Amino acid sequence: MCGRYCLTTDAAILAEIFGLTPSDLPELAPRFNIAPTKHAPVVRAGEEAGRRMDLMHWGLIPFWAKDPTIGSRMINARSETAAEKPAYRNAIRRRRCLVPADGFYEWKKISPKSKQPYFIHARDDRPLALAGLWDRWKDKAGGEDNVIESFTILTTQPNRLLKSVHDRMPVIIGPEGFDLWLSGEVEDPADLQHLFQPVADDTLAMHPVSRHVNSPANDDAKCIEPAEVVDPKGSKRHGSDDGAALFS
DNA sequence: CCAGACGTTGTT
DNA sequence: GTCTGG
DNA sequence: CCAGACGTTGTT
DNA sequence: GTCTGG
0 MCGRYCLTTD AAILAEIFGL TPSDLPELAP RFNIAPTKHA PVVRAGEEAG RRMDLMHWGL
60 IPFWAKDPTI GSRMINARSE TAAEKPAYRN AIRRRRCLVP ADGFYEWKKI SPKSKQPYFI
120 HARDDRPLAL AGLWDRWKDK AGGEDNVIES FTILTTQPNR LLKSVHDRMP VIIGPEGFDL
180 WLSGEVEDPA DLQHLFQPVA DDTLAMHPVS RHVNSPANDD AKCIEPAEVV DPKGSKRHGS
240 DDGAALFS
């Protein structure tokens, strides 16, 4: 799945990659540890034309929700079934977005009581575009104009590299898929299914990182720094960049 | 009809 | 909002 | 995803 | 154990 990620790339560079108007970008600080319920930038189709980037709450709050805390359980959506789920079926037809990420974290279970975090990123270190859905929720009770826009990240089967750490991974959209994914209303969500295939095995690389990343309060470069794999008994081995090892 | 869920992952 | 379960 | 809380009454 | 918060 995808429950934590990193985004430190400048807004100007993201604008170039995602085809955004450079004069209309949100302020972005480097983020090494974006966690559910935090705000993060997503790219979506503009209401008139083009694309825009806006900050949204991670954890999709369906427009019909009475209690917005439901969003904390909607951080991922299975791409295989999103079109049928009440929480996502409207969004997948009309409100798709791309979630820029330098890379994401996965926790590999290394013993019954221990998990080792890994950082996964493009081999060429360019930002990734994760497939997302968004929604707009309005507080009925508050009376005020309390509007929250929020997003979720789609998941799919792991490719060969990811399979070694986890059984799910985020859907990653290549540049050739941006137009379709960010197009307006799609009548049949089956037309999108081909975008949900796991990325090619040689596009990503990964390395183990410190458990420093475990706490969402830690948001610094140490989160992505290569670290030793440490098992619960304390024996160690050095973390190589597994992606590079597999494909070099 | 109304009430209650609406999600994923991982673990057993 | 809409579907499922009772 | 992980971390951290998980409760009430009464008194200050 | 399970839920909420980040």
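Here the first sequence stands for residues 0 to 247, where the numbers follow numbering that gives the first Met the number 0. We treat Cβ as the ideally placed atom computed from N, Cα and C, and that holds for glycine. Just so we're clear, the structure is a prediction, and the values are computed from it rather than from any experiment.
How close, in whole Å, do the beta carbons of P188 and R92 come, if the pair is a contact with beta carbons under 8 Å? Sure, about 6 Å apart at Cβ, within 8 Å.
Starting from the C-beta of S209, find all residues in its chain whose C-beta is less than 8 Å away, skip the five residues before and the five after it, and write them out in chain order. Closer than 8 Å at Cβ, skipping near neighbours: P116, K221, C222, E224, A226.
Apart from the five residues just before and just after L19, which ones in its own chain have a Cβ nearer than 8 Å to its Cβ? So the qualifying residues of the chain are L13, V42, G49, R50, R51, M52.
Taking DSSP as the reference, what is the three-state secondary structure of I223? The answer is coil: DSSP assigns I223 none of H, G, I, E or B.
I172 versus A44: straight-line alpha-carbon distance, rounded: Spanning the two alpha carbons is a distance of roughly 15 Å.
Close beta carbons around N145, own chain, < 6 Å, minus the five adjacent residues each side: Within the same chain, N145 has close Cβ partners D138.
Closer than 8 Å by C-beta to E184: which residues in its own chain qualify, once you throw out the five before and the five after it? Chain order, please. Here the set comprises R92, R93.
When the Cα atoms are used, what is the spatial distance from H211 to A28? Straight across, the Cα-Cα distance linking H211 with A28 is about 20 Å.
With a CB to CB cut of under 6 Å and the five nearest residues on each side skipped, what residues in its chain are close to R167? Setting aside the 5 residues that flank it on each side, R167 is surrounded in the same chain by M0, T154, each with a C-beta closer than 6 Å to its C-beta; the list follows chain order.
Cutting at 6 Å between CB atoms, please list the residues of its own chain near A10, excluding the five before and the five after it. L24, L27.
Is it right to say F62 is buried, meaning 16 or more other beta carbons lie within 10 angstroms of its own, or is it exposed? F62 is exposed by the Cβ-count criterion.
Inter-residue CB distance, G152 and L127 (contact presumed, cutoff 8 Å): Residue identity check: residue 152 is Ile in the sequence provided, not Gly. 11 Å between Cβ atoms; not a contact.
Residue from A216, R77, I33 whose Cα sits closest to the Cα of P169: If we check each option's Cα against that of P169, R77 comes out closest.
With a threshold of 7 Å on Cβ separation, who are the neighbours of I147 within its own chain once the five nearest residues in sequence on each side are excluded? Answer for I147: H56, I60, P67, W136, listed in chain order.
Are the CB atoms of D201 and N32 nearer to each other than 7 Å? Taking 7 Å as the cut-off, the Cβ atoms of D201 and N32 do not count as close.
Write down every uninterrupted run of the beta strand (DSSP E) in the region 5 to 33 whose length is 3 residues or greater and which is fully enclosed by it, in chain order. The region 5 to 33 contains these whole beta strand (DSSP E) runs: 30 to 33.
Report the partner residues of M205 according to the DSSP bridge assignment. The partner list for M205 (beta bridge, DSSP) reads I119.
Residue range of the beta strand (DSSP E) that includes W106: For W106, the enclosing beta strand (DSSP E) has its first and last residue at 102 to 110.
To which residues of the same chain is A82 closer than 6 Å at the C-beta, ignoring the five residues directly before and after it? Taking C-beta separations shorter than 6 Å and ignoring five residues to either side along the sequence, the partners of A82 in its chain run R88, I91, P188, following chain order.
Separation of G70 from R159, as counted between CA atoms: Going by the C-alpha atoms only, they are around 31 Å apart.
Spatial neighbours of A64 in its chain, beta-carbon cut-off 7 Å, leaving aside the 5 residues before and after: Contacts found: W136.
A86 Cβ short of 6 Å to the ligand SAM heavy atom set: By its list of ligands, the structure shown contains no ligand whatsoever, and the ligand SAM lies outside what it can speak to.
Within 10 angstroms of the Cβ of P111, are there 16 or more other Cβ atoms? Answer buried if so, exposed if not. So P111 counts as exposed.
Please report the straight-line C-alpha distance between K114 and E47, rounded to a whole angstrom. Their backbone Cα atoms lie some 46 Å apart in a straight line.
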